[in-house]
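S.K.: Using the UniProt record's numbering, read the sequence shown as starting at 1 and increasing by one per residue.
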Amino acid sequence: MHSGQPESTHYEAPTIHLRNERRDVPEEVINTFHSASWIWAAGDSAFAPPPGLTAERAFRMSFPSPAGKVATTAMILITADNQYALFVNGILVGGGVNFKAVGIYGVTLVPTLNVFAVRGLNGVQNPGLLNPAGLIAAIQITFSDGTTSLLQTNGSWRSIQGVPDKFEAPDFDDSNWENAMVLVKYGGLPWGTSIVFRTDTMFQIISLPSATFIGPKSAASETSLASPTPSESTRTPVGGIIGGVIGGVVFLFVLVAVLLWRSKERRGKRNWMRDTGTITVVRSLTTGSTRPPNYDDIVNE
Numbered sequence: 001m002h003s004g005q006p007e008s009t010h011y012e013a014p015t016i017h018l019r020n021e022r023r024d025v026p027e028e029v030i031n032t033f034h035s036a037s038w039i040w041a042a043g044d045s046a047f048a049p050p051p052g053l054t055a056e057r058a059f060r061m062s063f064p065s066p067a068g069k070v071a072t073t074a075m076i077l078i079t080a081d082n083q084y085a086l087f088v089n090g091i092l093v094g095g096g097v098n099f100k101a102v103g104i105y106g107v108t109l110v111p112t113l114n115v116f117a118v119r120g121l122n123g124v125q126n127p128g129l130l131n132p133a134g135l136i137a138a139i140q141i142t143f144s145d146g147t148t149s150l151l152q153t154n155g156s157w158r159s160i161q162g163v164p165d166k167f168e169a170p171d172f173d174d175s176n177w178e179n180a181m182v183l184v185k186y187g188g189l190p191w192g193t194s195i196v197f198r199t200d201t202m203f204q205i206i207s208l209p210s211a212t213f214i215g216p217k218s219a220a221s222e223t224s225l226a227s228p229t230p231s232e233s234t235r236t237p238v239g240g241i242i243g244g245v246i247g248g249v250v251f252l253f254v255l256v257a258v259l260l261w262r263s264k265e266r267r268g269k270r271n272w273m274r275d276t277g278t279i280t281v282v283r284s285l286t287t288g289s290t291r292p293p294n295y296d297d298i299v300n301e
């Protein structure tokens, strides 16, 4: 089994294929998502900024098939504040950078034991202010006889601060991890019900290859999600012309600062998604006319 201390890792996406089969998102899965809990790593402060500029956390849920059942596919609804990368049986399936947009994924499974793993990132965008971090998900597993089982994020998920090497591997030993910290149910503050996804979405099943891992690689360059704090002028202008000039300069200064912050934030998101390999997966899934939903935010960031 794999185990070890957190270290920087690099993931490369394997080739995965969309099957022709298309499905609706069942109402029972949506209801399961709406009754799920926001969770985060045990030992973290619920809504305080993480130490440093970023904080990555790892989560795992192992699901053994009941006796006599053969798992075939899973549908996953997931989002995280701020960002996530989703793995199924060691394979990177996708990710997101906007907690208000739920990712919807359909994947093939192995018959007996399936492992769902998530790499979550909470970045400090406003130092000194509250900075909630959370993960929420619902999973429907379908068996060969047509029956289903439903999972959701709750205190039974395993979690750890940092991201250990090969944490997403099915045979990784998470026995020394703690149960995740439950924050609030869906709809509770600070997230409320602002999360949206189309209930009429059609999605396709992704055929996953055997689990593979490529890494570790050299540590990724650190990126800052912190926003610059512009200084404000309190000097009283002398005369209308001078006041207009100063006002214009201050406005331009603030505008430039905001644009620089947005550019830095987007670079940070792009770099994190690139370093975890998520961008590669997303682009491989969005070719052609049958791309899965909710990937535009990732590709366009």
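Quick reminder that beta carbons are idealized off the backbone N, C-alpha and C, glycines included.
Since we're looking at a predicted model, the values are computed, not measured.
1) For Glu178, does the three-state DSSP call read helix, strand or coil?
2) By the 10 Å Cβ neighbour count, where 16 or more other Cβ atoms means buried, how is Leu189 classified, buried or exposed?
3) Ignoring anything shorter than 3 residues, give me the beta strand (DSSP E) runs that lie fully in the stretch 95-158, in order along the chain.
4) Hey, Thr87 and Glu168 are a contact pair by Cβ (cut 8 Å); roughly how many whole angstroms apart?
5) Got a sec? Which residues, its chain only, sit under 8 Å from Val196 by beta carbon, not counting five neighbours each side?
6) Distance check for Asn131 and residue 302, CA to CA, integer angstroms please.
7) Ordered along the chain, which non-local residues of its own chain (more than five positions away) have a Cβ less than 6 Å from that of Pro26?
8) From this set, Ile30, Val29, Arg60, which residue's C-alpha is nearest Trp40's C-alpha?
9) When you compare the CB positions of Gly90 and Pro170, do they come within less than 8 Å of one another, or not?
10) Quick one: give me the first and last residue of the alpha helix (DSSP H) that Phe33 is part of.
11) In terms of alpha-carbon separation, which member of Asp165, Arg158, Val163 lies closest to Asn176?
12) Need the endpoints of the beta strand (DSSP E) that Val70 sits in, please.
13) To the nearest angstrom, how far is the alpha carbon of Glu56 from that of Gly94?
14) Three-state secondary structure (DSSP) at Gly187?
15) Is there at least one non-hydrogen atom of the ligand FAD closer than 7 Å to the beta-carbon of Val196?
16) Inspect the beta-carbon positions of Thr73 and Thr142 and report whether they are closer than 8 Å.
17) Using only CA atoms, which one of Gln161, Ile206, Pro209 lies nearest to Ala42?
M.R.: So, from the data block:
1) One-based indexing of the sequence shown puts residue 178 at position 178. Strand, per DSSP.
2) Taking the sequence shown and counting its residues from 1, one reaches residue 189 at position 189. When all chains shown are included, Leu189 counts as exposed.
3) 103-108, 113-123, 134-143, 148-152
4) Sequence index remark: in the sequence shown, residue 87 carries index 87 (1-based). Sequence index remark: in the sequence shown, residue 168 carries index 168 (1-based). This sequence places Phe at residue 87; Thr is not what is there. Contact flag correct, Cβ pair sits at about 4 Å.
5) As a first step, residue 196 must be located in the sequence shown, where it is residue number 196. Lys100, Ala101, Val102.
6) Residue 302 is absent from the model: the chain starts at 1 and stops at 301.
7) Counting from 1 along the sequence shown, the entry for residue 26 is found at position 26. So the list is empty, once near-sequence residues are dropped.
8) One-based indexing of the sequence shown puts residue 40 at position 40. Taking only the C-alpha atoms, the option nearest Trp40 is Arg60.
9) Start at 1 with the first residue of the sequence shown, and residue 90 comes out as number 90. Start at 1 with the first residue of the sequence shown, and residue 170 comes out as number 170. For Gly90 and Pro170, yes; Cβs fall inside 8 Å.
10) Here the question's residue 33 lines up with position 33 in the sequence shown. Unbroken alpha helix (DSSP H) run through Phe33: 27-34.
11) By one-based count along the sequence shown, residue 176 stands at place 176. For the residues Asp165, Arg158, Val163, the minimum Cα distance to Asn176 belongs to Arg158.
12) Counting from 1 along the sequence shown, the entry for residue 70 is found at position 70. First-last for Val70: undefined, no H or E at that position.
13) Indexing the sequence shown from 1 puts residue 56 at position 56. Indexing the sequence shown from 1 puts residue 94 at position 94. Approximately 17 Å, taken between the alpha carbons.
14) As a first step, residue 187 must be located in the sequence shown, where it is residue number 187. It is coil, neither helix nor strand.
15) With respect to the ligand FAD, the structure offers nothing, as it holds no ligand at all.
16) For the purposes of this step, residue 73 is taken as the residue at position 73 of the sequence shown. For the purposes of this step, residue 142 is taken as the residue at position 142 of the sequence shown. Yes, the Cβ-Cβ distance between Thr73 and Thr142 is below 8 Å.
17) In the sequence shown, the residue the question calls residue 42 occupies position 42. Minimum Cα distance to Ala42 is reached at Gln161.
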